[in-house]
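Numbering-wise (this note's numbering), the sequence shown opens with residue 15 and increments by one. Positions of the beta carbon are idealized from the N, C-alpha and C atoms, including for glycine. These figures come from a predicted structure and were not determined experimentally.
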Amino acid sequence: MKIQSVRGMRDILPEDQKYWQFAQNLFDETSSSLGFSRLIIPSVEELSLFERGIGEATDIVEKEMFVIAAKSDDNATLALRPELTAGCVRAYIENGMKSKPQPVRLSLFGSAFRRERPQKNRYREFYQLDFEAIGDEKALWDVYIIYSSLKYLERLGLKNIRTTVNSIGCRECRPSYREKLIKYFKDNVDKLCEDCKRRLRTNPLRILDCKEPACQGLSKDAPKMLDNLCPACDEHFDYVKSSLNNLNVDFEINPQLVRGLDYYNRTVFEFNQKADTGRQSSLGGGGRYDYLFEMIGESPTPAVGVALGLDRIVNALKENSIEIPKVETKQILIVGTPDTVKQCLGASNKIFETTALTPLYFPQETAIGKQLELANKLQVDYAVIIGPDELKSGKYQLKDLKTGEQKQIKPDKLVELLS
Ligand SMILES: [Zn+2]
Ligand SMILES: [Zn+2]
């Protein structure tokens, strides 16, 4: 039987790498100039980290986890990470980052795995870029994470970014709001989709971001968290709004924005991009997660973060025809015959070690003319010909394939001329 890629998984091919490298490099530059330090965490964690951290009643943990059959040495069930934040928090605790100046600003890059229904531009292995600020409860850091995300998206050249924010309250104010919400939806339970009927028992806030038209219609008139915030949450959200205004960030308030994970509280936000084609796509989002530490059995530690989807960013770069700055590396093809392999390898090594050019050498038995055709196919910049005639005359032929110009040079002058 033929082996194929797993459903929902894909290859990212060489021709796409310019987008990926551009977006990744810019993320590295932006995150370090904004004071974030890179953290790399494993793709595999104990399942209980995600069950407790993300919440058992979320779609992710309920039906989208890749649980691994093999267990850890101490018999714990393992899973592929469905996002990076829970692992980041685990790493913060395990490595004693609490003793560092707070908040600890971390940036992460890596793939995450969810067994979602495969659809266009949605993959079961996808790539995330995270900014996290752990250890400070001040609203300033919510603003800083939003600001950092926008600076990065701006540097990518993406225009028409729509920033939506909301507050989903805290332990003080959310329970009574939750009751109001349950009552409202119970009165209209017949109109809810099957998933939302279940969410009404497990996670009623999630009904607010259900994509079913009937549920959406109902949600529009539902009680709003923003009208039910406690004074502390109100003050926190006011600070976020006024600071964003001070920074000239264009944002909208969306009372239905709740985000799909249990660990969020207070500020939540999302970034969408409107392409020239008119298509809107979500580039990512995040929020404050002050309770995540307690959810996984640790002492309370406030934190806020964002996850941007690299797959979506790359799509947006393409859809908006963003010009990717070209990294100039010129290539030179070394053309020889079976009699001149030694000289060709010598020249290749010398070019590699002393010039910025990329030498390409494929020892072949075909005629020199045929090999020059290959040079055109590969779109290389130069070719150096080292055949029996050249050995006899003691001079190589150097050909500029862009101009067609060809000249004879002494072997020891080759590198000098190329650099
Ligand atoms: Zn509150
Ligand atoms: Zn629904």
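The beta-bridge partner set that DSSP reports for residue 279 consists of 302. In the pairwise beta carbon analysis, the segment 338 to 356 is classified as touching the segment 377 to 387: at least three pairs are separated by under 8 Å. In the structure shown, residue 146 adopts extended strand secondary structure according to DSSP, grouped into three states.
Annotated three-state conformation of residue 133 is strand, per DSSP.
Residue 301 has its Cβ no nearer than 7 Å to any heavy atom of ligand 1. Around the beta carbon of residue 413, 16 or more other beta carbons lie within 10 angstroms, which makes this residue buried. Between the segment 279 to 292 and the segment 320 to 337, the count of Cβ pairs shorter than 8 Å is three or higher; the stretches touch. Environment of ligand 2, chain-ordered: 207, 210, 224, 226 and 229, taking every residue with Cβ within less than 5 Å of a heavy atom. By DSSP's assignment, residue 399 forms a beta bridge with 349 and 411. Closest in C-alpha terms to residue 278, from the list 251, 426, 318 and 285, comes 318. Secondary structure at residue 256: helix, using DSSP grouped into helix, strand and coil. Rounded to whole angstroms, the gap between the alpha carbons of residue 260 and residue 172 is 22 Å. Under the DSSP assignment, residue 317 falls in the beta strand (DSSP E) whose first and last residues are 317 to 323.
In the three-state reduction of the DSSP assignment, residue 419 falls in the coil class, being assigned neither a helical nor a strand state. For residue 181, there is no enclosing alpha helix (DSSP H); the enclosing beta strand (DSSP E) has its first and last residue at 175 to 181. Minimum Cα-Cα distance from residue 63 among the listed residues 251, 422, 309 and 356 corresponds to 309. With fewer than 16 other Cβ atoms from the protein chains shown falling within 10 Å of its own Cβ, residue 293 counts as exposed. The C-beta distance from residue 105 to residue 55 rounds to 5 Å, short enough to meet the 8 Å contact threshold. By a beta-carbon distance limit of 8 Å, residue 113 does not contact residue 50. Their separation comes to about 19 Å.
In this structure the segment 356 to 373 does not touch the segment 69 to 83; the number of beta carbon pairs closer than 8 Å is below three. The alpha-carbon separation between residue 192 and residue 272 amounts to approximately 13 Å.
A Cβ-Cβ distance of about 6 Å is found for the pair residue 346 and residue 373, placing them in contact under the 8 Å criterion. Taking every protein chain shown into account, the CB of residue 370 has fewer than 16 other CB atoms within 10 angstroms, so this residue is exposed.
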